[in-house]
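Right, one structure below, let's go through it.
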Ligand SMILES: [Zn+2]
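Quick look at the structure:
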């Protein structure tokens with residue numbers, strides 16, 4: 001009996017989850033990646049960080065593995081936080097805690113002093129439209145399908161210069177009013193924009209702030225967004241393949257000049273698109289030969 005107790009103690013000491021994490025120290029606005037090795041009798045369920053939880057999905061290219069993305073909101077403050085890995089082993093739900101460090105991304109700041117009346121000069125009708133468009137987008141981003149459409153690396157939506165990086169803080173009258181939520185590419189009106197990867201068009205319409213907008217669902221809670229377009233080549237619900245034309249760039253919506261604004265949402269969280277693309281391409285979407 002004593003020997004059996006010893007064996008149980010020993011096996012629980014020796015048992016450890018088989019996973020890899022790209023980074024336990026993450027800057028706000030950036031994404032970390034967990035990869036889990038599939039094992040008999042063990043099922044990985046989700047990651048929980050604070051009130052947010054993120055699903056564990058099948059790896060699209062390697063059926064011996066699963067993965068989960070951990071996007072950190074831009075508005076998170078630097079701190080150490082406990083991340084819970086929820087899994088089921090022998091029909092029992094268990095938790096493994098690890099400590100995640102959230103770091104300051106040290107993004108640039110753009111300070112603007114304006115008179116109060118100019119901060120919100122819009123009428124009721126426009127505010128209603130903005131509100132409706134916001135909720136429509138949030139409903140899309142809150143949806144995550146188990147199915148994924150990814151079979152190879154992400155590509156950039158056009159071959160051009162980057163004119164504005166993700167993350168620059170917009171400070172109006174000393175108050176943080178927002179940040180640059182995507183990456184801007186120089187593009188004169190009429191430049192073709194291509195889909196960054198395979199997916200389904202879940203929004204293609206004109207919006208107040210983002211102008212001509214296309215959102216592509218890549219499955220498993222991953223979305224890419226294309227703003228300020230002047231023409232669409234796709235329609236709502238259309239299956240799209242990587243490199244296919246979504247439409248033409250423009251200067252629609254609230255802009256100072258023509259460009260493409262490219263952004264990414266993961267598990268409902270807006271993240272640095274270029275860091276996300278690199279992370280996925282390096283770890284998940286590259287086939288080992
Ligand atoms: Zn932009």
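Residue numbers (this note's numbering): 1 to 289. No residue lacks a Cβ here, since even glycine has one placed at the ideal position from N, Cα and C.
Does the beta-carbon of residue 54 have 16 or more other beta-carbons within 10 angstroms, so that it is buried, or is it exposed? What you label residue 54 is simply residue 54 of the chain shown in a count that begins at 1. Per the 10 Å Cβ criterion, buried.
Whole angstroms are fine: how far does the CA of residue 167 sit from the CA of residue 52? To locate residue 52, count along the chain shown from 1; it is residue 52. To locate residue 167, count along the chain shown from 1; it is residue 167. Cα to Cα, the separation comes out at about 21 Å.
Taking 8 Å as the threshold (C-beta atoms), are residue 153 and residue 31 in contact? The count along the chain shown starts at 1 and reaches residue 31 at position 31. The count along the chain shown starts at 1 and reaches residue 153 at position 153. Result no, Cβ atoms of residue 31 and residue 153 do not sit closer than 8 Å.
Is residue 261 near ligand 1, in the sense that its beta carbon is under 7 Å from a heavy atom of that ligand? Position 261 of the chain shown, counting from 1, holds the residue named residue 261. Yes, the Cβ of residue 261 comes within 7 Å of a heavy atom of ligand 1.
Residue 69 bridges to which residues according to DSSP? If you number the chain shown from 1, residue 69 lands on position 69. In the DSSP output, where bridge partners are listed per residue, residue 69 has 33.
Do you know how far the Cα of residue 83 is from the Cα of residue 98? Counted from its first residue, the chain shown places residue 98 at position 98. Counted from its first residue, the chain shown places residue 83 at position 83. Each residue's alpha carbon lies about 5 Å from the other.
Apart from the five residues on each side of it in sequence, which residues of its chain come closer than 6 Å, Cβ to Cβ, to residue 44? Your numbering for residue 44 matches position 44 in the chain shown. Around residue 44: 36, 56, 66, 87.
Applying the criterion that 16 or more other CB atoms from any shown protein chain within 10 Å of the CB defines a buried residue, is residue 20 buried or exposed? What you label residue 20 is simply residue 20 of the chain shown in a count that begins at 1. That one is exposed.
Just to confirm the assignment, what range does the beta strand (DSSP E) spanning residue 162 have? Reading the chain shown from its first residue, position 162 is the one you call residue 162. Start and end: 162-164.
Our contact map puts residue 148 next to residue 76 with C-beta atoms below 8 Å; I'd like the distance itself, whole angstroms only. Residue mapping note: residue 148 aligns to position 148 of the chain shown, counting from 1. Residue mapping note: residue 76 aligns to position 76 of the chain shown, counting from 1. Their Cβ separation, rounded to whole angstroms, is 26 Å, which puts residue 148 and residue 76 out of contact at 8 Å.
Cα separation between residue 249 and residue 16? Indexing the chain shown from 1 puts residue 249 at position 249. Indexing the chain shown from 1 puts residue 16 at position 16. If I take the Cα positions, the gap works out to 50 Å.
Among residues of its own chain, excluding the 5 on either side of residue 80, which ones have a beta-carbon nearer than 8 Å to its beta-carbon? To locate residue 80, count along the chain shown from 1; it is residue 80. Counting only Cβ-Cβ distances below 8 Å, and skipping sequence neighbours, we find 99, 100, 101, 102.
Could you have a look at residue 154 and say whether DSSP puts it in helix, strand or coil? As a position in the chain shown, residue 154 is number 154, starting the count at 1. Reduced to three states, the DSSP call for residue 154 is coil.
Between which two residues does the beta strand (DSSP E) carrying residue 254 extend? In the chain shown, counting from the first residue as 1, residue 254 sits at position 254. From DSSP, residue 254 is part of no beta strand (DSSP E); its letter is neither H nor E.
Determine the DSSP secondary structure at residue 21, reduced to helix, strand or coil. Translated into the one-based positions of the chain shown, residue 21 becomes position 21. In this structure, residue 21 counts as strand in the three-state DSSP scheme.
Is any heavy atom in ligand 1 found nearer than 7 Å to the beta carbon of residue 249? The residue you call residue 249 lines up with position 249 of the chain shown. Residue 249: no, Cβ never under 7 Å from ligand 1.
Tell me whether residue 265 is buried or exposed, calling it buried when 16 or more other Cβ atoms sit within 10 Å of its Cβ. Locating residue 265 in the chain shown gives position 265, where the first residue counts as 1. Classification of residue 265: buried, given that the 10 Å Cβ count is 16 or more.
So is residue 38 in contact with chain D if we call contact Cβ pairs under 8 Å? Structure shown: chain D not included; a single protein chain is present.
My guess is that residue 204 and residue 176 are in contact by the Cβ rule of under 8 Å, so how many angstroms apart are they, rounded? Counted from its first residue, the chain shown places residue 204 at position 204. Counted from its first residue, the chain shown places residue 176 at position 176. Actually they are not in contact, since the Cβ atoms of residue 204 and residue 176 sit about 31 Å apart, beyond 8 Å.
Taking the straight line between their C-alpha atoms, what separation do you get for residue 46 and residue 184? Within the chain shown, numbered from 1, the residue matching residue 46 stands at position 46. Within the chain shown, numbered from 1, the residue matching residue 184 stands at position 184. Roughly 33 Å between the two C-alpha positions.
Given 8 Å as the limit, is there contact between the stretch 271-280 and the stretch 238-252, that is, 3 or more CB pairs closer than that? no
Is residue 272 near ligand 1 - that is, is its Cβ less than 7 Å away from at least one heavy atom of it? Translated into positions along the chain shown, residue 272 becomes position 272. No, Cβ of residue 272 sits at least 7 Å from all heavy atoms of ligand 1.
Sequence-distant residues of its chain with Cβ nearer than 6 Å to residue 96 (five each side left out): The count along the chain shown starts at 1 and reaches residue 96 at position 96. 17, 85.
For the candidate residues 127, 40, 188, whose alpha-carbon lies nearest to that of residue 89? For this step, residue 89 is matched to residue 89 along the chain shown. The shortest Cα separation from residue 89 among 127, 40, 188 belongs to 40.
Which of helix, strand or coil DSSP assigns to residue 274: One-based indexing of the chain shown puts residue 274 at position 274. Reduced to three states, the DSSP call for residue 274 is helix.
By the DSSP assignment, the beta strand (DSSP E) with residue 43 in it spans what residues? Position 43 of the chain shown, counted from the start, is the residue given in the question as residue 43. Element bounds for residue 43: 42-49.
Return yes when at least one heavy atom of ligand 2 lies under 7 Å from the C-beta of residue 184, else no. As far as ligands go, the structure on display features ligand 1 and does not contain ligand 2.
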